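Student: The structure is given below, and queries will be raised subsequently.
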Amino acid sequence: MDLKHRRVKLNDGHFIPVLGFGTYAPKEVPKTETEEATKLAIDTGFRHIDAAYVYENEEEVGRAIRSKIADGTVKREDIFYTSKLWVTFLRPELVQSALETSLKKLQLDYVDLYLIHSPLPLKPGKEILPQDEHGKPAIDTVDLCDTWEALEKCKDAGLTKSIGVSNFNHKQLEMLLNKPGLKYKPVCNQVECHPYLNQRKLLDFCKSNDIVLVAYGALGTQRPPLWVDENAPVLLDDPVLGDLAKKYNRTPALIALRYQIQRGVVVLAKSFNERRIKENMQVFEFQLTSEDMKALDDLDKNFRYISLDNVTCHPNYPFFEEY
Ligand code: NAP
Numbered sequence: 000m001d002l003k004h005r006r007v008k009l010n011d012g013h014f015i016p017v018l019g020f021g022t023y024a025p026k027e028v029p030k031t032e033t034e035e036a037t038k039l040a041i042d043t044g045f046r047h048i049d050a051a052y053v054y055e056n057e058e059e060v061g062r063a064i065r066s067k068i069a070d071g072t073v074k075r076e077d078i079f080y081t082s083k084l085w086v087t088f089l090r091p092e093l094v095q096s097a098l099e100t101s102l103k104k105l106q107l108d109y110v111d112l113y114l115i116h117s118p119l120p121l122k123p124g125k126e127i128l129p130q131d132e133h134g135k136p137a138i139d140t141v142d143l144c145d146t147w148e149a150l151e152k153c154k155d156a157g158l159t160k161s162i163g164v165s166n167f168n169h170k171q172l173e174m175l176l177n178k179p180g181l182k183y184k185p186v187c188n189q190v191e192c193h194p195y196l197n198q199r200k201l202l203d204f205c206k207s208n209d210i211v212l213v214a215y216g217a218l219g220t221q222r223p224p225l226w227v228d229e230n231a232p233v234l235l236d237d238p239v240l241g242d243l244a245k246k247y248n249r250t251p252a253l254i255a256l257r258y259q260i261q262r263g264v265v266v267l268a269k270s271f272n273e274r275r276i277k278e279n280m281q282v283f284e285f286q287l288t289s290e291d292m293k294a295l296d297d298l299d300k301n302f303r304y305i306s307l308d309n310v311t312c313h314p315n316y317p318f319f320e321e322y
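So the sequence shown is residues 0 to 322, counted in numbering that gives the first Met the number 0.
So this is what it looks like as structure tokens:
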């Protein structure tokens, strides 16, 4: 990790900025807020922007990026934009058109990173979460190695610079790494990661295979009621984070973000609030001691906010594996 330049080299030679701007917001939040926040984030210095087809915000995020290119704040090549292939498009013949749909919404020629959003294929169609006749998730059977080959073709076609995965466990990563005829390794695995779920074993596995771990929910997630139990502990209220925030004269959020980049994890931070967007850029202004990193490591309790409980019946459900 090159903290001087605030970026990490991926296994395909491209670079990813170590701090990314999360753009997911629940449906109730007006999409104009996403657009304004993304512009503000770019003005503040964020160069890595994370979105997805399923967030239904690519038009606004694309508009924000293009407006910051048009006003001279950045060039296209300064921005690292990630999109994700939704689970109803994992059949290989659907992959390229799914990416083209995102590009059309974004009005960009390419994305920097295209991820398989999760290893849980659902039946293709208009629904985002299709259900079967019993109201259960409409599970599709797709060989993820075939999906991966379709992503490789998208990279070769120049529609994306890099390709990776999200929410894969180490066995699912291994399956891709051992695929006969593998052309490109996944550059990253984007997973939930924070002091209560520090993903130590998955991180070690990724590092040993030159795969970058990208942390989402690093501030404890937005706790969307659809996905997160309202009784889940509030990460940023943790007393250890609070004490360290006092010690470094920062905030618990900054401690949680700094923790990740110091352990070699690329970290996403979502905020649509001007003060907090600016605050999150301070992650580069201080350093935690190794004792304090250890104290943060000790907070791990294997606690997952987004456990995808509605799809535990899926044969590919990733979180039964230890890591
Ligand atoms: P997060 O980054 O953990 O942030 C959680 C909350 O922290 C935000 O709602 C934000 O509220 C607040 N916050 C931000 N900065 C703060 C600060 N300095 N002090 C106090 N509070 C602060 O949330 P996330 O959206 O769950 O995860 C980040 C991104 O990861 C997403 O936006 C999305 O791009 C990606 N993601 C990916 C997946 C996947 O399956 N691959 C899943 C979930 C998320 P305010 O806006 O009010 O500041």
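Positions of the beta carbon are idealized from the N, C-alpha and C atoms, including for glycine. This structure is a prediction, so every number in the text was calculated from the model and none was measured.
What span of residues does the alpha helix (DSSP H) with glutamine 189 cover, start to end?
Tutor: Residue numbering aside, residue 189 sits at position 190 when the sequence shown is read from its first letter. Element bounds for glutamine 189: not the alpha helix (DSSP H) but the beta strand (DSSP E), 187-191.
Student: Rounded to whole angstroms, what is the Cα-Cα separation between lysine 200 and asparagine 168?
Tutor: As a working note, residue 200 is residue 201 in the sequence shown. As a working note, residue 168 is residue 169 in the sequence shown. Each residue's Cα considered, the two are about 10 Å apart.
Student: Would DSSP call histidine 169 helix, strand or coil?
Tutor: As a working mapping, residue 169 is identified with position 170 in the sequence shown. Residue state, collapsed to three classes: helix.
Student: In the DSSP assignment, what are the bridge partners of serine 66?
Tutor: In the sequence shown, residue 66 corresponds to position 67, counting from 1. Per DSSP, none; premise fails for serine 66.
Student: Taking C-beta to C-beta, are tyrosine 247 and phenylalanine 285 nearer than 7 Å?
Tutor: As a working mapping, residue 247 is identified with position 248 in the sequence shown. As a working mapping, residue 285 is identified with position 286 in the sequence shown. Contact annotation: tyrosine 247 and phenylalanine 285 have beta-carbon atoms nearer than 7 Å.
Student: Between the stretch 148-163 and the stretch 299-318, are three or more C-beta pairs nearer than 8 Å?
Tutor: no
Student: Taking valine 211 as the reference, which of Asp228, Thr220, Gly219, Cys192 has the closest Cα?
Tutor: Working through the sequence shown from its first residue, we reach residue 211 at position 212. If we check each option's Cα against that of valine 211, Cys192 comes out closest.
Student: Is aspartate 139 near the ligand NAP, in the sense that its beta carbon is under 6 Å from a heavy atom of that ligand?
Tutor: For the purposes of this step, residue 139 is taken as the residue at position 140 of the sequence shown. Checking every heavy atom of the ligand NAP against the Cβ of aspartate 139, none is found closer than 6 Å.
Student: Run through DSSP, which three-state label would tyrosine 80 get?
Tutor: If you number the sequence shown from 1, residue 80 lands on position 81. In the three-state reduction of the DSSP assignment, tyrosine 80 falls in the strand class, which pools E and B.
Student: Hey, out of Phe45, Ala97, Glu35, Asn309, whose CA is closest to phenylalanine 283's CA?
Tutor: Start at 1 with the first residue of the sequence shown, and residue 283 comes out as number 284. Answer by Cα proximity: Phe45.
Student: Got a sec: does the ligand GDP put a non-hydrogen atom nearer than 6 Å to the Cβ of asparagine 208?
Tutor: The ligand GDP is not part of this structure, which contains only the ligand NAP.
Student: Relative to the C-alpha of isoleucine 115, which candidate in Asn10, Ala97, Lys125 has its C-alpha closest?
Tutor: The residue given as residue 115 occupies position 116 in the sequence shown. Just measuring C-alpha positions, the residue of Asn10, Ala97, Lys125 sitting nearest isoleucine 115 is Ala97.
Student: In whole angstroms, give me the CA-to-CA distance for leucine 119 and proline 179.
Tutor: Taking the first residue of the sequence shown as position 1, residue 119 is located at position 120. Taking the first residue of the sequence shown as position 1, residue 179 is located at position 180. Their backbone Cα atoms lie some 22 Å apart in a straight line.
Student: Verify the contact flag: serine 270, CB atom, against every heavy atom of the ligand NAP, threshold strictly below 6 Å.
Tutor: Translated into positions along the sequence shown, residue 270 becomes position 271. Yes, the ligand NAP has a heavy atom inside 6 Å of this Cβ.
Student: Which residues mark the beginning and the end of the alpha helix (DSSP H) in which isoleucine 210 is found?
Tutor: The residue given as residue 210 occupies position 211 in the sequence shown. Premise fails: isoleucine 210 is in no alpha helix (DSSP H) and is neither H nor E.
Student: From the DSSP secondary-structure annotation, give me the bridge partner or partners of glutamine 221.
Tutor: Residue 221 sits at position 222 when you count from the first residue of the sequence shown. According to DSSP, which records beta bridges pairwise, glutamine 221 is partnered with nothing at all.
Student: List the whole-angstrom C-beta distance separating serine 268 from glycine 21, where the pair is believed to meet the contact cut-off of C-beta under 8 Å.
Tutor: By one-based count along the sequence shown, residue 268 stands at place 269. By one-based count along the sequence shown, residue 21 stands at place 22. The identity of residue 268 in the sequence shown is alanine, whereas the question assumes serine. Between glycine 21 and alanine 268 the Cβ distance is about 6 Å, and since that is below 8 Å, they are a contact.
Student: Run the proximity test for alanine 244: is its beta-carbon closer than 6 Å to any non-hydrogen atom belonging to the ligand NAP?
Tutor: Position 245 of the sequence shown, counted from the first residue, corresponds to residue 244. No - the ligand NAP has no heavy atom lying nearer than 6 Å to the Cβ of alanine 244.
Student: Near glutamate 290, what residues of its chain come up, given a Cβ to Cβ distance below 8 Å and the 5 sequence neighbours on each side ignored?
Tutor: Here residue 290 corresponds to residue number 291 of the sequence shown, with the count starting at 1. The same chain holds no residue with a CB closer than 8 Å to that of glutamate 290 once the five nearest residues on each side in sequence are set aside.
Student: Quick one: what's got a C-beta closer than 8 Å to glutamate 151's C-beta in the same chain, skipping five residues either side?
Tutor: Stepping through the sequence shown from its first residue, residue 151 is reached at position 152. So the list reads Ile162, Lys182, Tyr183, once near-sequence residues are dropped.
Student: To the nearest angstrom, report how far apart valine 266 and tyrosine 23 are at their CA atoms.
Tutor: Locating residue 266 in the sequence shown gives position 267, counting from the first residue. Locating residue 23 in the sequence shown gives position 24, counting from the first residue. Near 15 Å, if we compare the C-alpha coordinates of tyrosine 23 and valine 266.
Student: Measuring only between beta-carbons, confirm whether phenylalanine 271 sits less than 7 Å from chain B.
Tutor: No chain B appears in this structure, which consists of one protein chain only.
Student: Taking the alpha-carbon positions, what's the serine 82 to leucine 112 distance?
Tutor: Your numbering for residue 82 matches position 83 in the sequence shown. Your numbering for residue 112 matches position 113 in the sequence shown. The alpha-carbon atoms of serine 82 and leucine 112 are separated by roughly 6 Å.
Student: With 16 as the cutoff for other CB atoms within 10 Å, does asparagine 188 come out buried or exposed?
Tutor: Indexing the sequence shown from 1 puts residue 188 at position 189. By the neighbour-count rule (16 or more Cβ atoms within 10 Å), asparagine 188 is buried.
Student: Which residues in the same chain as tyrosine 258 place their Cβ atom closer than 6 Å to its Cβ, once the five residues preceding and following it in sequence are excluded?
Tutor: For the purposes of this step, residue 258 is taken as residue 259 along the sequence shown, with counting starting at 1. Excluding positions up to five away in sequence, the list reads Leu295.
Student: Under the rule that 16 or more other beta-carbon atoms within 10 Å means buried, what is proline 326, buried or exposed?
Tutor: Residue 326 falls outside the range modelled here, since the chain spans only 0 to 322, and no answer is possible.
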